[in-house]
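To keep things clear, I will list the structure first and then write my remarks on it.
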Amino acid sequence: MAGTASGGSRRSRLAPYLLVAPGILWLLVFFVVPTLTLAQTSVTGTEGPWWEAYHRALSNYGTHFFRSLRYALGATLLSLAMGYPLAYFIAFRAGSLKNMLLGLVVLPFFTTFLVRTFAWKTILNDGGPAVWLLKQLHILGEGGRLLDTTIAVVGGLTYNFLPFMILPIYVSLEKIDRRLVEAAEDLYSTPMGAFRKVVLPLSLPGVFAGSLLTFIPATGDFINAQLLGSPNQQMIGTVIQNQFLEVRDYPLAASLSFVLMAVITVGVLAYARVLGTEELA
Amino acid sequence: MSRRESDRRDDDEIHAVIRQAITRRGFLGRSARSAGGLLLGSSLLGACGGKDGAPAAGGDAAATGGGKTLRVSNWPLYIDKQTVADFEKATGIDTEYTEDVNDNAEFFAKIDEPLKRGQSIDREIIVLTDWMAGRLIRLGYVSPLDDAKFPNKANLVDSVKDVSFDPGRKFSVPWLSGMAGIGYNPKKTGRELTSIDDIFDPKLKGQVTMLTEMRDTFGLVMLGLGKDPTKATVADAKAAGARIKRARESGQIRKFTGNDYAEDLAAGNIAAAIAWSGDIQGLAADNPDLRWIAPKEGAMLFSDNMMIPKTSDRQDLAMAWINYVYDPKHSAQIVAGAPYLPAVKGAGAELAKIAPDLASSPLVNPPDELRARLHVFKALSDSEDTEFNRIFQDAIGA
């Protein structure tokens, strides 16, 4: 029956479109439309030229942008430093403990982000155990504190986004063919050499994905800075939130959001150029 | 509970926790919420409607999709534990009392759009500070109070019967009033504080917090600079903003907070804070050292007002609530749990019967000498409000 055959092939030609349609529709309604509305908000409703809000955003909040990028970068590097060895251990050495360790990495997600950050407030309290210990060790001076400092904010960001670093790296390490490592060692590579020449390059897509998943949300985060920082540690997310909800200066808030998006996009593109996205699985 | 309702609740709970960090009068884990008693059926409601002289029967309410439930939105820590249950028992009105007002500006941002479009905000009563109440009345977002169902309006104290933003109290009546002054821990400061300048003392570096509520923080700092917050100008705001900004940049100010200054004060993280009068009294149970003072330069006075959103379809229930809390006995009971200033005649006398210590406290009944030093922040126009807010947000670094 020729009809059925041609019908089948038509269906198969349509299938990809049908598969992407829900996702595209979703993005259209919940991303493209709001973004356009936001763009419109950012250029209307102000006295003066259309770029007035952008001018204010850039001239008044430069420090907040740089601070956010600095903190997010710090948190990403710390997450990488802690996350890579852990992911490596889970993927290559954990044996029967593997599933339990992965479970532990994900476990914090069972409590909300906010409550966990609040818990840090208690831990880092001036009268709390962490400050007491550091004072005993003379790492922290008499009047020193942890809460409401840069260390607390970057620490909080690192803590909250660490699992997003660990999981992609774990996945990329997990699927490396072990025989490649054996082959390297058969060819007289030292374990370190095998790691550097085989494992590390093959895990880079995971590192790339992990650092994006950490860096991007950390840049826009406002909870950690608000709960664990002083007014001198406020990040751009706090400013945007305040401009939207407190001051209700919508054009400024919208233009700040766009500047943030632009900064992150440029950063990510530059990073992708260096590390290469074509290997991203 | 319908699914939509439970979604809204989850959302509200999360927001309540978020704002706890950011804004005024929020406490983690204490967002006591009184969901209405499920046992109360619509038959009881019909009876209650009759008592209030409301013709609306339960069936009508159901048909409009509105509730037979009274939904009250108020600030956290602003009521005792008994009143909602007593009210339900006395009137048979199913009541959902939610502590989801944490910040005037933020709450306004939430209700502005629906009210502008005439949509329901799922609340019968909202409680907001004078200046914000004035804005809602100006915008026509609230319904006039039905005096026929409000015989206890006679108990409204004379001093607030006529206010500039609501002459004759047609749209709003005070819930409670309070003062913004300085709360401190003498053990940490090592001395008594008496002046606003004391919180700028370099010895307290990194141990001071201020409020995110602009009128309270600006008001006190202006008083400290010898400016009059009742007639605040943009120049005054700039002067106050500059002083706050310098103190923030030097590290003098540890944080700008909502109600969470209270935890920091009780935990010993900070020595002094711009603080609300009723809170320190409440914290004395945890930390009896804490003190609240109205500085010699003066303190700020604020009132929070009950209003009925124009889109509420059960205004009769709202009026029953308002009338109930304007009974001196009931008002006294509320104040016993939240030591602020009632605006109900005879509440002081009733309070003396149930909590004599509190009744004589200056927090609930300020002596004349203190009253003379209390100021209400100038009623700002919308454009002034925006300008002041810009200066303030820049000063606090947000």
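These protein sequence lines are chains A and B, in that order. Under this note's numbering, the letters of the first sequence match residues 369 to 649, in that order. Under this note's numbering, the letters of the second sequence match residues 15 to 412, in that order. All C-beta atoms, glycine included, are put in the ideal place defined by N, C-alpha and C.
Are the beta-carbon atoms belonging to residue i and residue j less than 7 Å from one another?
i, j, result
"S598/A", "R268/B", "yes"
"S410/A", "A622/A", "yes"
"I537/A", "V575/A", "yes"
"K163/B", "M321/B", "no"
"G195/B", "Y354/B", "no"
"V115/B", "W89/B", "yes"
"I632/A", "I591/A", "no"
"A357/B", "V174/B", "yes"
"L541/A", "S571/A", "yes"
"A276/B", "N199/B", "no"
"F402/B", "G233/B", "no"
"A361/B", "A346/B", "yes"
"P188/B", "S317/B", "yes"
"D303/B", "K201/B", "yes"
"T582/A", "S436/A", "no"
"Q407/B", "V521/A", "no"
"I213/B", "V222/B", "yes"
"A498/A", "L505/A", "no"
"L628/A", "I604/A", "yes"
"I348/B", "T97/B", "yes"
"S178/B", "A147/B", "no"
"S291/B", "W306/B", "yes"
"V607/A", "H432/A", "yes"
Using a Cβ-Cβ cutoff of less than 7 Å, which residues in the same chain neighbour residue i once the five nearest sequence positions on both sides are dropped?
i, result
"W155/B", "Before going on, a small fix: residue 155/B reads as Tyr here, not Trp. Result list for Y155/B: L129, P323 and K324, in chain order."
"L395/A", "none"
"I405/B", "A251, K252 and G255"
"G411/B", "R262"
Since residue i contacts residue j with CB under 8 Å, what's their CB separation in whole angstroms?
i, j, result
"N337/B", "D494/A", "Wrong, their Cβ atoms sit about 47 Å apart, outside the cutoff."
"G296/B", "K95/B", "About 13 Å separates the two Cβ atoms, so there is no contact after all."
"T271/B", "L225/B", "7 Å"
"L142/B", "N319/B", "6 Å"
"Q609/A", "D617/A", "Not really, about 12 Å apart at Cβ, beyond 8 Å."
"S157/B", "Q329/B", "6 Å"
"T485/A", "N528/A", "7 Å"
"S87/B", "I140/B", "5 Å"
"K503/A", "G512/A", "7 Å"
"D108/B", "L84/B", "7 Å"
"L589/A", "L525/A", "It should be noted that the sequence gives Asp, not Leu, for residue 589/A. Indeed, because the Cβ distance is near 6 Å, the residues count as touching under 8 Å."
"L703/A", "R424/A", "Residue 703/A falls outside the range modelled here, since chain A spans only 369 to 649, and no answer is possible."
"K359/B", "P370/B", "With 8 Å as the limit, K359/B and P370/B do not qualify as a contact, their Cβ atoms being about 19 Å apart."
For residue i, name the three-state secondary structure that DSSP assigns.
i, result
"G80/B", "Unreliable positioning characterises G80/B in this predicted model, as indicated by a pLDDT of 49, which lies under 50. The coordinate reading is nonetheless provided below. Note: G80/B maps to coil in three-state DSSP."
"A412/B", "coil"
"V187/B", "strand"
"I368/B", "helix"
"N319/B", "strand"
"A308/B", "coil"
"V631/A", "helix"
"S410/A", "helix"
"Y155/B", "coil"
"T372/A", "Note that T372/A has pLDDT 49, beneath the 50 cutoff, so the model's placement of it is unreliable and the number below is only indicative. Correct three-state label for T372/A: helix."
"Y422/A", "helix"
"L225/B", "strand"
"A442/B", "Nothing in the structure corresponds to residue 442/B, since chain B is present only between 15 and 412."
"Y385/A", "helix"
"G197/B", "strand"
"R85/B", "strand"
"G43/B", "Caution is warranted here: a pLDDT of 31 is assigned to G43/B, below 50, making its placement in the model unreliable, and the coordinate value is therefore given only provisionally. Coil."
"G220/B", "coil"
Kindly list the residues whose CB is nearer than 8 Å to the CB of residue i, restricted to its own chain and excluding five residues on each side of it in sequence; keep chain order.
i, result
"G55/B", "For G55/B, the pLDDT reaches just 34, beneath the cut-off of 50, and the residue's location in the model is therefore unreliable, leaving the point undetermined."
"A49/B", "Only weak support exists for where A49/B lies, its pLDDT of 32 falling under 50; the coordinates are left without a value."
"L418/B", "The requested residue 418/B does not occur in the structure, where chain B is confined to residues 15 to 412."
"T244/B", "H389, V390, F391 and K392"
Looking only at its own chain, which residues have a Cβ that is under 6 Å from the Cβ of residue i, when we skip the five neighbours before and after it?
i, result
"P531/A", "V473"
"G416/A", "none"
"S57/B", "Only weak support is given to the placement of S57/B: the predicted model assigns it a pLDDT of 33, under 50, and the value that follows is read from those uncertain coordinates. Answer for S57/B: no residue qualifies."
"I125/B", "I135"
"G220/B", "G265 and R268"
For residue i and chain E, any beta-carbon pair shorter than 7 Å?
i, result
"F270/B", "The chain labelled as chain E is not found among the protein chains of the depicted structure, namely A and B."
Nearer than 6 Å: is that true of the beta carbon of residue i relative to any heavy atom of the ligand FAD?
i, result
"P323/B", "No copy of the ligand FAD appears in this structure; indeed no ligand is present at all."
(message) For a minimum of 3 consecutive residues, which ranges assigned as the beta strand (DSSP E) are wholly contained in the region 249 to 299 of chain B?
(response) 267 to 271 and 286 to 290
(request) Jot down the residue ranges of each uninterrupted beta strand (DSSP E) in the region 99 to 152 of chain B, minimum 3 residues, whole runs only, in chain order. (result) 108 to 112 and 139 to 143
(request) Run through the region 532 to 605 of chain A for me and flag every whole alpha helix (DSSP H) of 4 or more residues, listed as ranges in chain order. (result) 546 to 554, 559 to 562, 568 to 588 and 591 to 596
(request) Mind listing, in chain order, the continuous alpha helix (DSSP H) runs of no fewer than 4 residues lying wholly within the region 336 to 404 of chain B? (result) 342 to 351, 361 to 368, 370 to 373 and 382 to 385
(message) For a minimum of 3 consecutive residues, which ranges assigned as the beta strand (DSSP E) are wholly contained in the region 457 to 511 of chain A?
(response) none
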